[in-house]
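The opening residue of the sequence shown carries number 133 in the numbering used here; numbering runs sequentially from there.
Just so it is clear, CB atoms sit at the ideal spot from N, CA and C, and this is done for glycine as well.
Since the structure is predicted, the reported quantities are computational estimates derived from the model, not experimental observations.
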Amino acid sequence: MTTVQAIQTANAIQPPAAYKQVEIGRIRNVGSSMATISINKSVIRNSQLHLAQIGTILKVVTSKSIVVAMVSSLRIGAEDEDGMSDGCLAQLNIMGEITTNETTRETKFFRGVRSFPVLGEAVYNMSSAELSMIFNRENEACIEIGRLQQDSSIIAKVRVDDLLSKHFAIIGSTGSGKSCTVALVLQAILDKNPMGHVVLFDPHNEYSKSFGDRAEVINQESLDLPLWIFDFVETCELLCSEIEDQAREETEILHEVLLKAKRLYDRSLKSGDTSSQVKLDDVEAELQRATHITLDSPVPYRIRDVSKIIDHAMGRLENANNLAPYKRLKRRIATLIADPRYDFIFKNQASPRPIEYIVGRIFRLPVRGKPISCLDFSGIPSEALNIVVAVVSRLAFELATWSERKIPILLVCEEAHRYIPRDRSMGFHSTRKIISRIAKEGRKYGVSLGIISQRPSELEPSTLSQCSTIFSMRLSNELDQNFVRAAVPDGAAELLSFLPSLGTAETMVFGESVNLPMRVIVNTLAAEYRPHSSSAQFTELWQKDTATPELMEKVFDRWRARKMNPGGRSIPVSAPRAAPAAAHTRSNVRQNAGVNQGGSQRQMLSRAPQRVANPHGGSVTRQSGAIASQVRDRLKAKASAPPTVPQTLSDVKSMLNSAFHKNI
Ligand SMILES: Nc1ncnc2c1ncn2[C@@H]1O[C@H](COP(=O)(O)OP(=O)(O)OP(=O)(O)O)[C@@H](O)[C@H]1O
Ligand SMILES: [Mg+2]
133 MTTVQAIQTA
143 NAIQPPAAYK
153 QVEIGRIRNV
163 GSSMATISIN
173 KSVIRNSQLH
183 LAQIGTILKV
193 VTSKSIVVAM
203 VSSLRIGAED
213 EDGMSDGCLA
223 QLNIMGEITT
233 NETTRETKFF
243 RGVRSFPVLG
253 EAVYNMSSAE
263 LSMIFNRENE
273 ACIEIGRLQQ
283 DSSIIAKVRV
293 DDLLSKHFAI
303 IGSTGSGKSC
313 TVALVLQAIL
323 DKNPMGHVVL
333 FDPHNEYSKS
343 FGDRAEVINQ
353 ESLDLPLWIF
363 DFVETCELLC
373 SEIEDQAREE
383 TEILHEVLLK
393 AKRLYDRSLK
403 SGDTSSQVKL
413 DDVEAELQRA
423 THITLDSPVP
433 YRIRDVSKII
443 DHAMGRLENA
453 NNLAPYKRLK
463 RRIATLIADP
473 RYDFIFKNQA
483 SPRPIEYIVG
493 RIFRLPVRGK
503 PISCLDFSGI
513 PSEALNIVVA
523 VVSRLAFELA
533 TWSERKIPIL
543 LVCEEAHRYI
553 PRDRSMGFHS
563 TRKIISRIAK
573 EGRKYGVSLG
583 IISQRPSELE
593 PSTLSQCSTI
603 FSMRLSNELD
613 QNFVRAAVPD
623 GAAELLSFLP
633 SLGTAETMVF
643 GESVNLPMRV
653 IVNTLAAEYR
663 PHSSSAQFTE
673 LWQKDTATPE
683 LMEKVFDRWR
693 ARKMNPGGRS
703 IPVSAPRAAP
713 AAAHTRSNVR
723 QNAGVNQGGS
733 QRQMLSRAPQ
743 RVANPHGGSV
753 TRQSGAIASQ
763 VRDRLKAKAS
773 APPTVPQTLS
783 DVKSMLNSAF
793 HKNI
């Protein structure tokens, strides 16, 4: 049976009215991946132009196979037989062919073509049977996301393993349906994989209802991410100043202090003394010797001990001029402890929870019927959001590494441009570093990324280029479109010309997890599972005075307490943050440093490092030096001028290339 006969047999299964073969046009021009056709007058006359709209898949029946091509653009201008230029031209992207294997007699769709169409050959619309041969491969673990825009009888499927193992991105302007698509895709994945491990970073608390009782929703109140689980660089980013010289001094002090605090806690567990009873002078030598605990060991310590060790070190200083970095650290710690928004770091000090509990809850180990955890960051300050993303992403990477890939994890980053921004002077060094690392190496360790963003041009460039499946929804900004164009596989970029006109909940899907780029109408998500991101109802709310005294009391209570649910601990209006003693907050430091940024900060960076007063007279370890240099790199990156925005597609491509090859 020939290919054409095989297709005819498949078509015969359909009800006769389902498919009427229409000749759309004739080939006028063929290149290696493109063809131009002139559309038949009869198609225009019979109002059948919808059969050749952008994104539609057409076929050319050649002697050996059926060549499959997608309409990527349309224009008026072909000359008809009478020399009138009222015809219509369509540009086609040649995608693949349906052929019958000579030996197995199996008819299948393949990417790429061996027999090209010739000039003058007819181009037809495709039947549902042919489309389903292309899009619905049997025997593969797939999820259903919607229906083909071209033919609603064809289910749009993506292969789960390809989607997850090589990362995916969902890109689109605000309101285009990204969050609903995220919810649909994750629900479909979890339906088929009830023992999954998915962590969703949810900065606006949109998803708490989207997964019903399958989700563990962790918010600011229930999050437990103690300082001891941060690695040293993350701790320094939280506690140290942003001014380079000051940060260097504080880093070196913290190195010593944290190591001792960990060893002190470990000692108190073994000896049964509480650390508050111990005199530091008595255990000094013992703490220096406990080499099995290093700075990055995930071993608990108490903030109380950190303050005690800092006080002890200050007491042993000979020169009072060296007290400043110690005081700054103490003040920063006190400020953070006093701020209820940072409770998730400082609570449970009296009896730190074990790493099994903390990591187990976030990554669903064991799953206990909730394979996804939604980290609701809506109550967390934006600077802390970066830290939480960095710490959780690093924990995912470590878990995958130490479990030898037996626990694959998916991290879904909503609003990814907020914590992995392209502009290096913004964001957080540790977050950028770990997400870039997962983007590049995660596949080998079983950590996958889902990047969701409305501003691909503001995203860290190498991360988007590592996503091998892209769901591109309506996207109106041209610069953003260029970033998506540069990231989609070669040959498919032309298909993006209609991104600005896609409807809500309509998407183009490109990449490894689909056989061909497809234009999909995403399934409708039931109202109760929709992410609650609806816009404010201006006209409705402006009909009556909603600012009642009761409402305003609640608003200001929350505002003062910096919690959506006050009633627990609250801070008075004259909290330490506002007092001069609290002047060391990061934003204040940033403002103070703003005057100096640029030239003078670069001068500071080039100065030889100053040796900080060390109460024990010992030299600072090599590890501390290395970490100090990482912190210095971060500051250097922040000090450098923001990159210029690439305007053209080739600018974007060359920027992505250089980002890809650079070791971040
Ligand atoms: N698959 C869908 N099923 C049902 N409704 C949808 C779907 N996709 C989009 N919508 C509708 O469109 C609205 C906006 O969708 P959504 O919140 O997903 O957009 P978004 O791209 O995430 O926007 P933003 O960037 O502002 O977060 C939803 O509130 C919903 O009413
Ligand atoms: Mg959204």
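Let's test the definition: count the other Cβ atoms within 10 Å of the Cβ of residue i and tell me whether it reaches 16, buried, or not, exposed.
i, result
"Q669", "exposed"
"L673", "exposed"
"R500", "exposed"
"V687", "exposed"
"N178", "exposed"
"M258", "buried"
"H424", "exposed"
"S174", "exposed"
"T231", "buried"
"V250", "exposed"
"N161", "exposed"
"A273", "exposed"
"S580", "buried"
"N453", "exposed"
"G582", "buried"
"P681", "exposed"
If you drop the 5 nearest sequence neighbours on each side, which residues of the same chain put their C-beta closer than 7 Å to that of residue i?
i, result
"G244", "G228"
"S164", "none"
"A711", "Note that A711 scores a pLDDT of 32, beneath 50, so its modelled location is shaky; the value from the coordinates is reported in the next line. Hits under 7 Å: none found."
Would you say the beta carbon of residue i is closer than 7 Å to some non-hydrogen atom of ligand 1?
i, result
"Q180", "no"
"N655", "yes"
"R662", "yes"
"L316", "yes"
"Q306", "The identity of residue 306 in the sequence shown is Thr, whereas the question assumes Gln. T306 Cβ: within cutoff of ligand 1."
"Q586", "yes"
"A637", "yes"
"T313", "yes"
Does the beta-carbon distance from residue i to residue j come in below 8 Å?
i, j, result
"C599", "A301", "yes"
"I286", "L318", "no"
"L627", "M202", "yes"
"D334", "D508", "yes"
"G643", "I602", "yes"
"P663", "S311", "yes"
"I477", "L359", "yes"
"L455", "L449", "yes"
"L181", "Y256", "no"
"A222", "R158", "no"
"F630", "R569", "no"
"V314", "V544", "yes"
"A571", "S594", "yes"
"I442", "V389", "yes"
"R651", "Q281", "yes"
"L206", "I169", "no"
"F615", "I541", "no"
"I303", "S597", "no"
"A347", "K502", "yes"
Below 8 Å CB to CB, which residues in the same chain sit around residue i once its five sequence neighbours on both sides are set aside?
i, result
"I465", "L371, I435, V438, S439"
"E590", "H549, P553, R554, D555"
"I487", "I361, P430"
"I539", "H329, F495, L497, L531, A532, G578"
Within a Cβ cutoff of 6 Å, which residues of the same chain sit near residue i, ignoring the five residues on either side of it in sequence?
i, result
"M327", "V499"
"T563", "N518, V521, A522, Y551"
"P513", "R473"
"T753", "For T753, the pLDDT reaches just 43, beneath the cut-off of 50, and the residue's location in the model is therefore unreliable, although a value from the coordinates is still provided. Excluding sequence neighbours, T753 sits near nothing in its chain."
"N798", "Any answer about residue 798 is impossible in this case: the structure gives the chain only from 133 up to 796."
"P432", "W360, Y397, P484"
"D283", "S260, L263"
Give a single yes or no on whether residue i has its beta carbon closer than 7 Å to a heavy atom of ligand 2.
i, result
"K310", "yes"
"E234", "no"
"E590", "no"
"E338", "yes"
So, does the CB of residue i fall closer than 8 Å to a CB anywhere in chain B?
i, result
"G582", "No chain B is part of this structure, which consists of one protein chain only."
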